[in-house]
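A.B. asks: For the first sequence, position 52 matches number 102 in the working numbering, and the numbering has no gaps at all.
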Amino acid sequence: MPELPEVETTLRGISPWLQDQTLRAVEVREPRLRWPVPEAVQGAVGARITGLRRRAKYLLLDTDAGGELLVHLGMSGSLRVVTDGAPPRKHDHFDLVTDRAVIRYNDPRRFGAFLWVTPPSETHELLRHLGPEPLGEAFDGEGLYTRSRGRRGAVKNFIMDGRVVVGVGNIYASEALFMAGIHPARAAGRVSLERYRSLAAAIREVLQRAIAQGGTTLRDYVNSDGAPGYFALDLQVYGRESKACFQCGAPVRQKVIGQRSSFYCARCQR
DNA sequence: AAATTCTCCTGAAGGC
DNA sequence: TGCCTTCAGGAGAATT
Numbered sequence: 051m052p053e054l055p056e057v058e059t060t061l062r063g064i065s066p067w068l069q070d071q072t073l074r075a076v077e078v079r080e081p082r083l084r085w086p087v088p089e090a091v092q093g094a095v096g097a098r099i100t101g102l103r104r105r106a107k108y109l110l111l112d113t114d115a116g117g118e119l120l121v122h123l124g125m126s127g128s129l130r131v132v133t134d135g136a137p138p139r140k141h142d143h144f145d146l147v148t149d150r151a152v153i154r155y156n157d158p159r160r161f162g163a164f165l166w167v168t169p170p171s172e173t174h175e176l177l178r179h180l181g182p183e184p185l186g187e188a189f190d191g192e193g194l195y196t197r198s199r200g201r202r203g204a205v206k207n208f209i210m211d212g213r214v215v216v217g218v219g220n221i222y223a224s225e226a227l228f229m230a231g232i233h234p235a236r237a238a239g240r241v242s243l244e245r246y247r248s249l250a251a252a253i254r255e256v257l258q259r260a261i262a263q264g265g266t267t268l269r270d271y272v273n274s275d276g277a278p279g280y281f282a283l284d285l286q287v288y289g290r291e292s293k294a295c296f297q298c299g300a301p302v303r304q305k306v307i308g309q310r311s312s313f314y315c316a317r318c319q320r
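(1) Return helix, strand or coil for T267, following the three-state DSSP convention.
(2) Exposed or buried, what is R103 when buried is set at 16 or more other beta-carbons lying within 10 Å of its beta-carbon?
(3) Roughly how many whole angstroms lie between the Cα atoms of V87 and E255?
(4) Does S128 come out as helix, strand or coil in the three-state DSSP assignment?
(5) Does DSSP put S312 in a helix, a strand or coil?
(6) Short of 7 Å in beta carbon distance, which residues of its chain neighbour E77, apart from the five on each side in sequence? Order them along the chain.
(7) Considering Cα atoms alone, identify which of R236, S171 and R74 is closest to R199.
(8) Can you name the residues that DSSP bridges to I253?
(9) Out of T72, G117, T100 and A106, which one is the CA nearest neighbour of G93?
(10) Spell out a yes or no on whether the segment 153–163 and the segment 79–86 are touching, meaning 3 or more CB-CB pairs, one atom from each, closer than 8 Å.
(11) Using a Cβ-Cβ cutoff of less than 8 Å, which residues in the same chain neighbour Q319 once the five nearest sequence positions on both sides are dropped?
(12) Near L73, which residues of its chain fall below 8 Å by C-beta distance, leaving aside the five closest residues on each side in sequence?
(13) Classify W166 as helix, strand or coil using the three-state DSSP reduction.
(14) For the 8 Å Cβ check, are there 3 or more pairs between the segment 175–185 and the segment 123–135?
(15) Output the boundary residues of the beta strand (DSSP E) element that contains K305.
(16) Where DSSP assigns a beta bridge to R104, which residues make up the other side?
(17) Could you tell me whether the Cβ atoms of P169 and V215 are closer together than 8 Å?
(18) On a CA-only basis, which of V167, A106, R139 and A136 is nearest L120? Give me that one, please.
(19) So what's I232 in DSSP terms, helix, strand or just coil?
(20) Check whether the Cβ of G308 sits closer than 7 Å to any heavy atom of the ligand NAP, and report yes or no.
(21) Just mark L194 as buried or exposed, buried being the case when its beta carbon has 16 or more other beta carbons within 10 Å.
(22) How should E172 be labelled, buried or exposed, when 16 other C-beta atoms within 10 angstroms of its C-beta is the threshold for buried?
(23) Looking at the structure shown, is E56 part of a helix, part of a strand, or coil, going by DSSP?
(24) Three-state secondary structure (DSSP) at E291?
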């Protein structure tokens, strides 16, 4: 399940292969993704890829053809670099072909997306309501505090809301809340400014650490099975139900909050 | 406005 | 061993 660190690592993995390259072909074998892949993606063929960036968990490939290719990995998607002419495998839904390599998209569950976006992309319906980047300067505890006043929903759901802050998925939400000592089910409006400051710092910390780990696996992008699913991050609570909390020894608990499995230590998190 | 539910899909895991 | 059932999960859309 690609979370922001996996998407960022994917970006870094494919960028050297696509930056300034001319797109020779876009081969779509299975257009049935989250939304049908539009014919318009062919508008990128013959164009030069002038830049690659990430916004939230969206990958944006800018071209000199007046549009951008948007790729979202959904929850089971991955991109890999193919240089040996290997034939497509099961669930390999589309290829970006350059003179140097084929960038191949694989996605068993087809929750991902591949679209053509016309600038300015910030106003595109998928991107216009997105909150600040957690690793950017616009994200801080004050913002979380202000936006959360009066909200009775769980703080975990609050930080997973893309309008509040982007890129905080289920795993890292649990991890960041543990780091900040905040109970995931606590009402968002009942968390103090000081604690939101720690939470914002924890979110940055956990994401940055995961990205750093991902950097060591970049070679896996070439002629491999694609990006690793989860980075071998030392998770403190996620997936550790009934195991001893690393901080106090109490059993880690698991509870469904907002239809999502959440892990926490009832003793360390209030 | 905010919160909740539903939806897409397949691989993995669990039950028998 | 193998078949059947259940479930997770990103995030937009629909609903309350």
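Glycine included, C-beta positions come from ideal geometry on N, C-alpha and C.
C.D. replies: On the basis of the supplied data:
(1) For T267, the predicted model reports a pLDDT of 43, less than 50, meaning its position is unreliable; a value from the coordinates is still stated below. In the structure shown, T267 sits in a helix (DSSP, three-state: H, G or I).
(2) exposed
(3) 36 Å
(4) strand
(5) strand
(6) F144, D145 and V147
(7) R236
(8) Answer by DSSP bridge pairing: none, since I253 is not bridged.
(9) G117
(10) yes
(11) L227, F228, G231, I232, H233 and P234
(12) A94, V95, G96, A97, R98, I99, T113, L146, V147 and T148
(13) strand
(14) no
(15) R303 to I307
(16) L109
(17) no
(18) V167
(19) coil
(20) The ligand NAP is not among the ligands present in this structure, which contains no ligands whatsoever.
(21) buried
(22) exposed
(23) helix
(24) coil
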